[in-house]
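Here the numbering used here is used: the first residue of the sequence shown is 2, the next is one more, and so on. All residues carry an ideal CB built from backbone N, CA and C; glycine is no exception. Data first, discussion second: the structure below is written as structure tokens.
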Amino acid sequence: MGDKKQPKKAESLPETSNTKNENKSGKSKTADKIDLLTEDLDITDKLENALVEIFKRYDKDKDNVLNKEELAEFATFSNGHPFSPEEIKEIQEFFDCDDAGNLSKGGFIQMYALQTTSGDEDETWKDLLKHGYNYQL
């Protein structure tokens, strides 16, 4: 009986292994990823819609900006830690913020557009997946 179980396992292992190899290869998953950028290197409508939805999750007071606490919550969920004071200054300097330094919805989209168009599309996907999206958005 022990011999019979071993061949069955051996017979099933290649099938399981082949299935795992197909999944591990990422080829089918990669092929299924939608484009985040248009041919003109703008972000797609699907990406923008996902970013707006993520922004709204963190805009707890519904004032259309992320204040320091809301931005910290977003960064902690996305990256495991809040933005550093230096990163906050860079966000305020380079992206659309209100007079109080709060990141606007447009600034949030700008931040991801820059990340995605600058060749860090994998980081954008990581954040999207972390926030519950799949490769089809």
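Can the beta-carbon of residue i be found closer than 7 Å to that of residue j?
| i | j | result |
| --- | --- | --- |
| Tyr-136 | Asp-36 | no |
| Ala-73 | Pro-83 | yes |
| Glu-71 | Lys-63 | no |
Does residue i pass the burial test, meaning 16 or more other C-beta atoms within 10 Å, or should it be called exposed?
| i | result |
| --- | --- |
| Thr-39 | exposed |
| Asn-50 | exposed |
| Gly-120 | exposed |
| Ala-101 | exposed |
With respect to the alpha helix (DSSP H) encompassing residue i, which residues constitute its N-terminal and C-terminal limits?
| i | result |
| --- | --- |
| Ser-119 | Looking at the DSSP string, Ser-119 is not in any alpha helix (DSSP H), and its letter there is neither H nor E. |
| Glu-91 | 86 to 95 |
| Glu-40 | From DSSP, Glu-40 is part of no alpha helix (DSSP H); its letter is neither H nor E. |
| Leu-48 | 46 to 59 |
Sorted by chain position, which residues of the same chain lie with C-beta nearer than 6 Å to residue i's C-beta, five sequence neighbours on each side aside?
| i | result |
| --- | --- |
| Met-112 | Phe-96 |
| Ile-89 | none |
| Phe-56 | Lys-106, Phe-109 |
| Tyr-42 | Checking the displayed sequence, the identity of residue 42 turns out to be Leu instead of Tyr. Hits under 6 Å: Thr-118. |
| Asn-68 | Asn-103 |
Excluding the 5 residues flanking residue i on each side, which residues of the same chain have their C-beta closer than 7 Å to its C-beta?
| i | result |
| --- | --- |
| Asp-99 | Val-66, Ser-105 |
| Lys-47 | Ile-35, Leu-138 |
For residue i, list the residues DSSP reports as bridge partners.
| i | result |
| --- | --- |
| Ser-105 | Val-66 |
Does any heavy atom of the ligand FAD sit closer than 6 Å to the C-beta of residue i?
| i | result |
| --- | --- |
| Leu-37 | Inclusion of the ligand FAD in the displayed structure is not the case, the ligand content being empty and no account of it being possible. |
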